[in-house]
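Protein chains: 2
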Amino acid sequence: MTSAKYDVLGIGNAIFDVLVKTDEGFLGAHGMTKGGMALIDEARAAAIYQDMGPATEMSGGSAANTIVGLASFGARTAYVGKIRDDQIGRLYTHDIRAAGVAFQTRPAKDGPATGCSYILVTPDGERTMNTYLGAAQELTPGDIDPTEIAASSIVYLEGYLWDPKNAKDAFVKASTIAHNAGRQVALTLSDSFCVDRYRGEFLDLMRGGTVDLVFANEAELHSLYQTSDFDTALTQLRADVKLGVVTRSAKGCVVASKDGIAMVPAFPIREMVDTTGAGDLFAAGFLFGLVRGTGHEIAGRLGALAAAEVIQHIGARPQTSLKQLAQQNGLPV
Amino acid sequence: MTSAKYDVLGIGNAIFDVLVKTDEGFLGAHGMTKGGMALIDEARAAAIYQDMGPATEMSGGSAANTIVGLASFGARTAYVGKIRDDQIGRLYTHDIRAAGVAFQTRPAKDGPATGCSYILVTPDGERTMNTYLGAAQELTPGDIDPTEIAASSIVYLEGYLWDPKNAKDAFVKASTIAHNAGRQVALTLSDSFCVDRYRGEFLDLMRGGTVDLVFANEAELHSLYQTSDFDTALTQLRADVKLGVVTRSAKGCVVASKDGIAMVPAFPIREMVDTTGAGDLFAAGFLFGLVRGTGHEIAGRLGALAAAEVIQHIGARPQTSLKQLAQQNGLPV
Chain A
593 MTSAKYDVLG IGNAIFDVLV KTDEGFLGAH GMTKGGMALI DEARAAAIYQ DMGPATEMSG
653 GSAANTIVGL ASFGARTAYV GKIRDDQIGR LYTHDIRAAG VAFQTRPAKD GPATGCSYIL
713 VTPDGERTMN TYLGAAQELT PGDIDPTEIA ASSIVYLEGY LWDPKNAKDA FVKASTIAHN
773 AGRQVALTLS DSFCVDRYRG EFLDLMRGGT VDLVFANEAE LHSLYQTSDF DTALTQLRAD
833 VKLGVVTRSA KGCVVASKDG IAMVPAFPIR EMVDTTGAGD LFAAGFLFGL VRGTGHEIAG
893 RLGALAAAEV IQHIGARPQT SLKQLAQQNG LPV
Chain B
593 MTSAKYDVLG IGNAIFDVLV KTDEGFLGAH GMTKGGMALI DEARAAAIYQ DMGPATEMSG
653 GSAANTIVGL ASFGARTAYV GKIRDDQIGR LYTHDIRAAG VAFQTRPAKD GPATGCSYIL
713 VTPDGERTMN TYLGAAQELT PGDIDPTEIA ASSIVYLEGY LWDPKNAKDA FVKASTIAHN
773 AGRQVALTLS DSFCVDRYRG EFLDLMRGGT VDLVFANEAE LHSLYQTSDF DTALTQLRAD
833 VKLGVVTRSA KGCVVASKDG IAMVPAFPIR EMVDTTGAGD LFAAGFLFGL VRGTGHEIAG
893 RLGALAAAEV IQHIGARPQT SLKQLAQQNG LPV
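Residue numbers (the numbering used here), protein chains in the order written: chain A, 593 to 925; chain B, 593 to 925.
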């Protein structure tokens with residue numbers, strides 16, 4: 593195994609976020625399930641956008657947020673995701689590169705526009721996402737550069753990649769290359785509705801060793817094992833994957849490995865503003881700890897710290913240097 | 593004089609804001625004058641953007657921010673400004689209409705893209721703007737609809753309109769129509785460097801009665817009369833315009849009319865985050881008071897309240913209902 597060029601390379605749906613504060617009534621009037629991510633087509637995107645209030649825009653996408661968070665901690669990172677060569681695609685490219693992330697995926701020259709997620713943030717800080725995949729639909733195995741994958745200590749993949757038609761092949765190709773190069777593969781389950789769509793395939797990925805590390809929140813874990821009992825689900829998770837990390841919002845996280853279980857508390861916050869990116873940034877901190885060899889408990893604390901930063905402002909990307917934030921809180925970076 | 597369809601109609605450069613937190617070093621390295629608005633061409637826009645960190649985007653433009661602020665107070669409003677029919681132009685159109693503003697200016701079908709301002713926000717909250725006018729260059733007198741102008745109690749114009757080549761003709765056309773219909777015309781001086789470019793013309797507008805009300809901050813007032821003495825400048829302002837309103841940041845504002853001078857304190861804030869939009873939102877509150885006939889002191893307090901809201905978060909548009917905010921603070925709306 594040669595030395596790594598990147599600590600973490602992420603692959604995901606490249607999505608531009610259009611965020612607006614709203615009330616519960618808006619969700620009800622539009623038949624949205626609060627807290628979830630719904631895939632929408634162009635017509636529904638137009639209808640939702642038409643009714644939405646004035647918005648704030650910024651680059652997003654689950655795995656991309658995680659990778660930007662890792663870069664903010666000081667990790668060497670790369671991202672693979674499909675945009676269109678349009679104005680929003682150029683904003684997207686700027687933001688991820690400006691964060692210090694290597695981003696070389698060839699933009700689509702035709703077809704749908706760069707993907708957008710219409711994110712409604714209710715007064716309690718909860719976000720409800722409506723995602724038009726757009727150009728993210730066009731990600732194929734051809735976008736996976738074997739050299740870059742093999743040069744990354746960890747390849748990080750999002751469950752959302754099961755939605756676009758060819759991205760799962762890109763996912764499996766990346767995992768195979770990574771493992772052949774002696775690297776690790778991590779997966780986030782993304783969303784409980786996503787788990788519901790692809791439960792069997794996700795379990796196969798875990799049991800067949802396509803992924804070594806799984807991130808899930810409680811809802812995703814319960815959906816995966818179709819049980820409302822946390823301990824039952826956790827026991828199954830430990831049996832199915834080398835390392836499982838379950839986030840539990842204010843209750844902190846649980847790190848489950850063959851060796852045992854570690855519990856890490858959440859990080860205190862002043863005010864919950866917008867949960868968008870909470871899970872993504874938790875994964876950033878945890879993966880940073882992992883690549884720096886801090887051990888699971890410190891990794892969990894780094895994850896909790898990054899999640900706490902991102903939920904205290906609008907948007908899914910850090911607004912401050914996570915490296916400095918970790919230093920100020922006595923955590924190793 | 594028929595009854596008004598709009599309380600305030602604003603005309604300005606339609607600009608999409610690209611905001612980033614940065615340090616003083618960035619301004620120095622790029623030869624930027626802190627706190628100002630510099631006009632940049634496409635090449636310099638590309639160079640600045642290339643070096644900027646990951647950004648947050650939202651609709652902006654000085655007069656547009658004021659009009660959105662007025663709508664947030666509950667006023668009936670319209671806006672005239674030129675965008676291109678591109679992705680950013682569509683975001684722009686959505687945001688201003690979603691705020692409740694009538695916006696019917698025909699977008700440019702070719703030529704430069706929708707204008708953008710690259711806004712650097714330093715740790716002290718001060719913003720430094722670099723504006724690529726883009727499609728805003730294409731505003732002409734043909735974009736001024738006489739019926740809409742004549743149906744607006746106040747026409748609000750920004751000094752920045754002196755920069756694009758044909759916008760000043762649109763400005764004068766609008767003022768003439770407004771006055772013929774018995775309406776009032778307000779002008780913001782926009783920026784001390786802008787005043788420096790067009791001092792003589794701005795004074796002609798005031799002395800010739802093309803404008804009835806002028807908004808200025810201290811730097812703009814000093815630039816207009818080329819004096820460092822505030823009282824001297826204020827005396828001249830009173831002689832040159834029916835109503836002059838001078839904002840003085842934390843020192844509040846001074847309202848100067850033929851009848852006398854009123855001083856209104858600033859509104860207390862918890863934390864200064866980003867001054868972008870402070871003057872624009874002050875004008876929104878003041879104009880709202882004016883159209884509701886509150887008297888100058890209450891109008892000044894409404895302006896101070898709106899300015900205080902906008903400087904406590906990133907971006908130049910209100911993030912909360914100004915109507916509700918005013919009610920919570922015992923001000924009439």
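We treat Cβ as the ideally placed atom computed from N, Cα and C, and that holds for glycine.
Proximity test, Cβ basis, 8 angstroms: residue i and chain B
| i | result |
| --- | --- |
| residue 863 of chain A | no |
| residue 600 of chain A | no |
| residue 686 of chain A | yes |
| residue 660 of chain A | yes |
C-beta neighbour in chain A for residue i, strict 8 angstroms
| i | result |
| --- | --- |
| residue 719 of chain B | no |
| residue 673 of chain B | no |
| residue 641 of chain B | yes |
Pick from the options that is closest to residue i, judged by C-alpha positions
| i | options | result |
| --- | --- | --- |
| residue 867 of chain A | A:714, A:724, A:762 and A:856 | A:714 |
| residue 912 of chain A | B:594, B:647 and B:710 | B:647 |
| residue 662 of chain A | A:885, A:899, A:888 and A:876 | A:876 |
| residue 881 of chain B | B:870, B:896, B:793 and B:685 | B:896 |
| residue 717 of chain B | B:888, B:887 and B:611 | B:611 |
| residue 640 of chain B | B:708, B:666 and B:655 | B:708 |
| residue 664 of chain B | B:808, B:690, B:677 and B:764 | B:690 |
| residue 802 of chain B | B:811, B:846, B:819 and B:749 | B:749 |
| residue 706 of chain B | B:733, B:762, B:653 and B:822 | B:653 |
| residue 681 of chain A | A:607, A:794, A:630 and A:645 | A:607 |
| residue 826 of chain B | B:804, B:853 and B:645 | B:853 |
| residue 727 of chain A | A:615, A:679, A:793 and A:627 | A:679 |
| residue 842 of chain B | B:766, B:793, B:810 and B:676 | B:810 |
| residue 790 of chain B | B:753, B:651, B:704 and B:824 | B:753 |
| residue 737 of chain A | A:627, A:609 and A:673 | A:673 |
| residue 692 of chain B | B:670, B:702, B:710 and B:712 | B:670 |
| residue 721 of chain B | B:889, B:910 and B:624 | B:624 |
| residue 729 of chain B | B:778, B:806 and B:634 | B:634 |
Distance, residue j Cα to residue i Cα
| i | j | result |
| --- | --- | --- |
| residue 758 of chain A | residue 700 of chain A | 14 angstroms |
| residue 816 of chain A | residue 844 of chain A | 20 angstroms |
| residue 891 of chain B | residue 603 of chain B | 21 angstroms |
| residue 694 of chain A | residue 773 of chain A | 20 angstroms |
| residue 743 of chain B | residue 776 of chain B | 11 angstroms |
| residue 926 of chain A | residue 920 of chain A | With chain A covering 593 to 925 only, the question about residue 926 of chain A has no answer from this structure. |
| residue 855 of chain A | residue 636 of chain A | 41 angstroms |
| residue 660 of chain A | residue 782 of chain A | 17 angstroms |
| residue 787 of chain A | residue 723 of chain A | 16 angstroms |
| residue 629 of chain B | residue 751 of chain B | 12 angstroms |
| residue 822 of chain B | residue 863 of chain B | 28 angstroms |
| residue 632 of chain A | residue 617 of chain B | 43 angstroms |
| residue 733 of chain A | residue 770 of chain A | 14 angstroms |
| residue 613 of chain B | residue 601 of chain B | 32 angstroms |
| residue 780 of chain A | residue 666 of chain A | 21 angstroms |
| residue 820 of chain B | residue 813 of chain B | 9 angstroms |
| residue 870 of chain B | residue 760 of chain A | 48 angstroms |
| residue 872 of chain A | residue 677 of chain B | 34 angstroms |
| residue 687 of chain A | residue 657 of chain A | 11 angstroms |
| residue 755 of chain A | residue 763 of chain A | 12 angstroms |
| residue 918 of chain B | residue 622 of chain A | 30 angstroms |
Chain-ordered neighbours of residue i on chain A, where CB pairs are closer than 7 angstroms
| i | result |
| --- | --- |
| residue 645 of chain B | 690 |
| residue 909 of chain B | 646 |
| residue 680 of chain B | 679 |
Contacts that residue i makes with chain B (C-beta to C-beta distance below 7 angstroms)
| i | result |
| --- | --- |
| residue 683 of chain A | 649 |
Within chain A, partners of residue i - CB distance below 9 angstroms
| i | result |
| --- | --- |
| residue 613 of chain B | 911 and 912 |
Inset, instruction - Pick out the complete beta strand (DSSP E) segments inside the segment 829-890 of chain A, 3 residues or longer, and give them in chain order. - result: 835-839, 845-849 and 852-856
Legend entry - Contiguous beta strand (DSSP E) assignments of at least 3 residues, all confined to the segment 633-679 of chain A: 648-651 and 669-672
Inset, instruction - Would you list, in sequence order, the uninterrupted alpha helix (DSSP H) runs of no fewer than 4 residues that lie entirely inside the segment 694-769 of chain B? - result: 738-742
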